[in-house]
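Numbering (the numbering used here), first residue to last: 1471 to 1866.
The structure appears below as structure tokens.
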Amino acid sequence: MIMTASKLPNIDFDKTNKKIIDTIDNIKNFFTTKGYIPTSTSLIEDSDIFTRKSGVRLSSKLYSFVDPGGRSVSLRPEFTTSIIKNFLKIYEPDDLPLKFQYNGPVFAYNPNQIDGLEQRNQIGIELIGQNGLEIDSDILYMSIKALELIGIDKTKIKIGNLEFLNKILTVFELSNPAINLILNNLQSIQSNKITTEDIIYKAEKLGIFNNTKNNPQNTPDKENKLDFSDIVLKEHLNSTVGQRSPDDIIKRLFKKRKYSDNSQALKDAIFLTKSLVKIDAPPEKALNETRKILQENSIPEKLLIPLEEISNSIEKTIGPNANINLVPAHIRGLEYYTGIIFDINYQNKSELIHLGGGGRYDELVQILGGREMVPALGFAYSLENIQKVLEIINGK
């Protein structure tokens, strides 16, 4: 059953606010000219679809509860996962490619709110069934162009590529949980809020490796990988009404876990990552700095190809004068991304306002039960932040 936001109190934009309604309509009309058809999703979903590959940040903020039937359900925290779930139910491979647009409220658990509920509004698109650098660049171009059409033309873009990051970390023969432990802590590494020893301690605590020297099991565990989005729940899930305790969850998940990684490989990977997180520059400069780091660490330069290709494609599509920085160690808060990722910001004096972002997520269809991988990507804007920037621009 599809529920509308009007069923919940105090969550809608003020429908008398003509400016924001006009802004939404202008963005929707632009998406329509590009072939994107409106779609809607349920406000309430099984919690499981959001915890499979959503990442620590999203999983820890789910507004979850137990429905009258005893199911653990959550108010949707984002649209993409629900749209892919609907795609699997309704469409066939012959229907591809499919283009969807959406707008509406998303929710998070916030203990600082009186009722624990935080709501924001998003508008965005999803393209299912197409792959390639040109497609990636076109989607990024659309995300910039739609903002220009409503009067926001001085954006700052950060792009990265998860394919590059994963290939770099795979050089150290780490398991998926170890790789994702590093990825999840990138922002803390960048801001020096966490040390190498802290991450090693987390890895030991989570059972990612056995810190015994010459342990024959200290080799990559290819057959029995445990999703990082599962193993971190113990540390990061905020308990909400009706959820099992994190300890119960982690106990169940570790029943079949084997130790795999060794601490030295993890330390080496963290050392490399500390160098990469410092790079945030225009594409040519960022590529040169990244290449130098790879050379210093005896890592094949061919692993730089994904970054080089997406940078060249974006320059060809958007032009060399766009305000775009390449950030090799850039990540977003959702673990299902697999390729290009990007964030769009607006600089207001010393304040950086995040307008939106997106990326490619070719594995999400399969993660949610599809028989095979289906290429897909998209982006979403924060309507609250768009409204804020428009008020700044218009001097309100």
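From the three backbone atoms N, C-alpha and C, an ideal C-beta is built for every residue, glycine too.
Quiz item: Whose C-beta lies closer than 7 Å to the C-beta of K1692 among residues of the same chain, with five residues either side of it excluded?
Solution: Translated into positions along the sequence shown, residue 1692 becomes position 222. In this prediction, K1692 scores a pLDDT of 39, lower than 50, which makes its location untrustworthy; the coordinate-derived value is nonetheless stated afterwards. So no residue of the chain qualifies.
Self-check item: Nearest neighbour of L1587, chosen from K1628, F1535, K1559, L1597 [CA to CA]
Solution: Residue mapping note: residue 1587 aligns to position 117 of the sequence shown, counting from 1. Nearest C-alpha to L1587: F1535.
Quiz item: Taking all protein chains shown into account, do 16 or more other C-beta atoms lie within 10 angstroms of the C-beta of K1675, making it buried, or fewer, making it exposed?
Solution: Here the question's residue 1675 lines up with position 205 in the sequence shown. When all chains shown are included, K1675 counts as exposed.
Practice problem: Round the Cβ separation of F1634 and A1739 to the nearest angstrom and send it over; I've been treating them as touching at under 8 Å. | Solution: The residue you call residue 1634 lines up with position 164 of the sequence shown. The residue you call residue 1739 lines up with position 269 of the sequence shown. Actually they are not in contact, since the Cβ atoms of F1634 and A1739 sit about 14 Å apart, beyond 8 Å.
Quiz item: Do the segment 1819 to 1832 and the segment 1650 to 1663 meet, that is, are 3 or more Cβ pairs less than 8 Å apart?
Solution: no
Exercise. Taking all protein chains shown into account, decide if N1662 is buried (16 or more other Cβ within 10 angstroms of its Cβ) or exposed.
Key: Counting from one through the sequence shown, the residue named residue 1662 turns up at place 192. Burial call: exposed.
Quiz item: Taking the continuous alpha helix (DSSP H) assigned at T1503, which residues delimit it?
Solution: The residue you call residue 1503 lines up with position 33 of the sequence shown. Unbroken alpha helix (DSSP H) run through T1503: 1488 to 1503.
Quiz prompt | Cα-Cα separation, E1861 to N1855 | solution = Walking along the sequence shown from the start, residue 1861 turns up at place 391. Walking along the sequence shown from the start, residue 1855 turns up at place 385. Taking the straight line from one Cα to the other gives about 10 Å.
Self-check item: Bridge partner(s) assigned by DSSP for E1821
Solution: Indexing the sequence shown from 1 puts residue 1821 at position 351. Looking at the DSSP assignment, E1821 forms a beta bridge with N1818.
Self-check item: Residues bridged to D1813 (per DSSP)
Solution: Counting from 1 along the sequence shown, the entry for residue 1813 is found at position 343. D1813 pairs with K1628, G1827.
Quiz item: Quick one: what's Y1851 bridged to in DSSP?
Solution: Working through the sequence shown from its first residue, we reach residue 1851 at position 381. Answer by DSSP bridge pairing, in chain order: I1593, G1826.
Practice problem: Name the residue from I1598, N1591, E1562, N1864 whose alpha carbon lies nearest to the alpha carbon of G1494. | Solution: On the sequence shown, residue 1494 is found 24 positions in, with the first residue counted as 1. Checking the displayed sequence, the identity of residue 1494 turns out to be Ile instead of Gly. Comparing Cα-Cα distances from I1494 to each of I1598, N1591, E1562, N1864, the minimum goes to N1591.
Quiz item: Nearest to V1835 by CA position, among L1853, N1815, Y1807, is which residue?
Solution: Translated into the one-based positions of the sequence shown, residue 1835 becomes position 365. Residue Y1807 is the option with its Cα nearest to V1835.
Quiz item: Which residues does DSSP pair with S1534 in a beta bridge?
Solution: Here residue 1534 refers to the residue found at position 64 of the sequence shown. Paired residues: S1544.
Self-check item: Span separating the alpha-carbon of K1555 from that of P1581
Solution: Within the sequence shown, the letter at position 85 stands for residue 1555. Within the sequence shown, the letter at position 111 stands for residue 1581. Near 29 Å, if we compare the C-alpha coordinates of P1581 and K1555.
Quiz item: Is it the case that the Cβ atoms of S1542 and F1520 are separated by a distance below 8 Å?
Solution: Residue 1542 sits at position 72 when you count from the first residue of the sequence shown. Residue 1520 sits at position 50 when you count from the first residue of the sequence shown. No; because the gap between Cβ atoms is not below 8 Å, this pair is not in contact.
Quiz item: To which residues does DSSP link F1577 through a beta bridge?
Solution: Locating residue 1577 in the sequence shown gives position 107, counting from the first residue. Q1589, per the DSSP bridge assignment.
Exercise. Give the DSSP-derived three-state secondary structure of A1799 in the structure shown.
Key: Counting from one through the sequence shown, the residue named residue 1799 turns up at place 329. Reduced to three states, the DSSP call for A1799 is coil.
Quiz item: Can you tell me whether DSSP reads Y1671 as helix, strand or coil?
Solution: Along the sequence shown, read from residue 1 onward, the residue named residue 1671 stands at position 201. Here Y1671 sits in helix by DSSP.
Quiz prompt | Whole-number beta carbon distance between Y1506 and F1549, since they are thought to touch under 8 Å | solution = In the sequence shown, residue 1549 corresponds to position 79, counting from 1. In the sequence shown, residue 1506 corresponds to position 36, counting from 1. Not confirmed; about 13 Å, so no contact.
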